[in-house]
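Worksheet: one structure, shown below.
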Amino acid sequence: MLYTVAHGVIPPVARAVWRPKVEGLHHVPTSGPVIVASNHLSFFDSVVIPVVVPRKVVFLAKSDYFTGTGVKGTLVRAWFEGLGMLPVDRDDTKAAIASLDTALEVLGKGEAFGIYPEGTRSRDGRLYRGRTGVAHLALTSGAPVVPVGLIGTEDIQPVGANRPRLGRVDVTVRVGEPIQVAGEYDGVPTGRARRELTDRIMAAIAGLTGQESAGVYNERPADA
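Numbering (the working numbering), first residue to last: 900 to 1123.
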């Protein structure tokens, strides 16, 4: 109910304020499980994608956003739940495994799950090497992967900013053709299949954004 109400209000308002340019939206399947894999430039990425995609896309958000108290805490929690986000404790050593299990549950229900293969936001604009969790989800569930390239979202809410900027910002969302995985890696050793598929996904994202490749993994700052 909360998602239905919020999604009827937030997307039109957000599109009116930031006016993102959207390309290739027809590549997103209208039904069935799908993994939406995007580059990551800003906290606001997890708002932009649900705003432009016509179906619910579930993202994970750190649990702190769901545990606040008072009026502010209630509003923050309602905002994240209204966008279809689910809490995850990033400081829990088992959080990575738990988040993958949660994602598989979402996909098992025939829904769309959003993920950032880089793991954390790029602070220098480069595209970092993808972690193989995205491939694990695709190969385990059989869901296709839709690559998404975000351009300019860091100008809405730069890393370190507490709130988004209002007004027109030059933001582009490019959606690529789905990457089908069913039967593609039969007989390929698990580790190799995950690495090859992850690199394939990242190459598709790079083709959409034109970002320079960092060639290494991105690490989450201790204070993030």
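Using N, Cα and C, we set each Cβ at its ideal position, and we do this for glycine too.
In this text the structure is predicted, and so the values were computed from the model without any measurement.
Just the C-alpha distance for residue i and residue j, rounded to the nearest angstrom, thanks.
| i | j | result |
| --- | --- | --- |
| Val935 | Arg1062 | 25 angstroms |
| Thr929 | Val987 | 27 angstroms |
| Thr1039 | Leu1006 | 10 angstroms |
| Arg1064 | Arg1094 | 37 angstroms |
| Ile1055 | Gly1075 | 23 angstroms |
| Pro1016 | Thr1001 | 16 angstroms |
| Ser962 | Gly1013 | 17 angstroms |
| Lys955 | Ile1104 | 21 angstroms |
| Ala849 | Gly983 | For the chain, the structure presents residues 900 to 1123; residue 849 sits outside this window and is missing. |
| Gly1009 | Val957 | 11 angstroms |
Mapping DSSP to helix, strand and coil, what is residue i?
| i | result |
| --- | --- |
| Leu945 | What sits at residue 945 in the sequence shown is Ser, not Leu. Note: Ser945 maps to helix in three-state DSSP. |
| Glu922 | strand |
| Arg1073 | strand |
| Gly1051 | coil |
| Leu1036 | helix |
| Leu985 | strand |
| Ser1112 | strand |
| Val1080 | coil |
| Leu940 | coil |
Cβ of residue i less than 8 angstroms from any chain B Cβ?
| i | result |
| --- | --- |
| Ile1104 | Annotation note: the requested chain B is absent from the structure, which comprises a single protein chain. |
Count the other CB atoms, across all protein chains shown, that sit within 10 Å of the CB of residue i; report buried if there are 16 or more and exposed otherwise.
| i | result |
| --- | --- |
| Pro949 | buried |
| Leu1049 | buried |
| Ile996 | exposed |
| Thr968 | exposed |
| Thr1052 | buried |
| Arg1091 | exposed |
With DSSP as the reference, please indicate the residues paired to residue i in a beta bridge.
| i | result |
| --- | --- |
| Phe1012 | Ile934 and Val957 |
| Leu1026 | Ser1112 |
Tell me, please, whether the region 1019-1026 touches the region 1102-1120 by the rule of three or more beta-carbon pairs shorter than 8 angstroms. yes
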